[in-house]
Each structure stands twice: as C-alpha cells, then as structure tokens.
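Enquirer: If you're matching positions, the sequence shown starts at 12 in our numbering and goes up one per residue. I'd like to ask some things about the structure below.
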Amino acid sequence: MSGFDWPALLRAGLHGLRLSPEAFWALTPAELRMMLGERESGRPLSRGRLEELQAAYPDDTGGTGDDGD
12 MSGFDWPALL
22 RAGLHGLRLS
32 PEAFWALTPA
42 ELRMMLGERE
52 SGRPLSRGRL
62 EELQAAYPDD
72 TGGTGDDGD
C-alpha cells in the first residue's frame, strides 16, 4: 500500500489550491509537490544507479513488439 496521505493531499489540492478534481488527478506527484511548495523530491538518478536498473530490468529485445519485428 502507498504511503501517501490521500485525504490530506485531496484537502490541500481541492481546498488549499482550489483545483478541480479533474485538475488534481491530472497532476503528477512532482507537479503537486511543486505547487505545495516542496523544493526537491530527492537526489537525481546517478549513472551507476541507472546501470543497475538497466541490468535488473533489461529491455525486451525478443522482437515481439509493435515495431514490425
């Protein structure tokens, strides 16, 4: 389960920021954090971490995609 406090986020978005429900749900978490005044969401992804993720989750090159393979 997510660690988000959805009731608090909804109150902040709908009442504090006066967003419509459609506008609130269309936001990315990064956009909502920015609108609520949070400076940064963490450190950027390092090259080493990117390479670890690429090794753990390689692209599927089996030729079964929609690119004509």
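Using N, Cα and C, we set each Cβ at its ideal position, and we do this for glycine too. Quick caveat, the model's predicted, so the values are computed rather than measured.
For residue 29, tell me which candidate among 17, 40, 47, 70 has the shortest Cα-Cα distance.
Expert: Here residue 29 refers to the residue found at position 18 when the sequence shown is read from its first residue. Looking at the Cα atoms, 47 is the closest of the given residues.
Enquirer: Grab me the residues of residue 12's own chain with a C-beta within less than 6 Å of its C-beta, minus the 5 sequence neighbours each way, in chain order.
Expert: Counting from 1 along the sequence shown, the entry for residue 12 is found at position 1. Low confidence applies to residue 12: its pLDDT is 45, below 50, so where it sits in the model is not reliable enough to give any reading.
Enquirer: Tell me whether residue 15 sits in a helix, a strand or coil according to DSSP, three-state version.
Expert: Position 4 of the sequence shown, counted from the start, is the residue given in the question as residue 15. Three-state DSSP puts residue 15 in coil, outside helix and strand.
Enquirer: I need the straight-line Cα distance from residue 34 to residue 24, nearest angstrom please.
Expert: Position 23 of the sequence shown, counting from 1, holds the residue named residue 34. Position 13 of the sequence shown, counting from 1, holds the residue named residue 24. Roughly 9 Å separates the two Cα atoms.
Enquirer: Over the uninterrupted alpha helix (DSSP H) stretch that includes residue 22, give me the two end residues.
Expert: Working through the sequence shown from its first residue, we reach residue 22 at position 11. From DSSP, residue 22 is part of no alpha helix (DSSP H); its letter is neither H nor E.
Enquirer: Out of curiosity, what's the CA-to-CA distance linking residue 68 and residue 40?
Expert: Here residue 68 corresponds to residue number 57 of the sequence shown, with the count starting at 1. Here residue 40 corresponds to residue number 29 of the sequence shown, with the count starting at 1. Distance between the alpha carbons of residue 68 and residue 40: 24 Å.
Enquirer: Which residues in the same chain have their Cβ closer than 8 Å to the Cβ of residue 70, if we skip the five residues on either side of it in sequence?
Expert: Start at 1 with the first residue of the sequence shown, and residue 70 comes out as number 59. Nothing listed; no residue qualifies.
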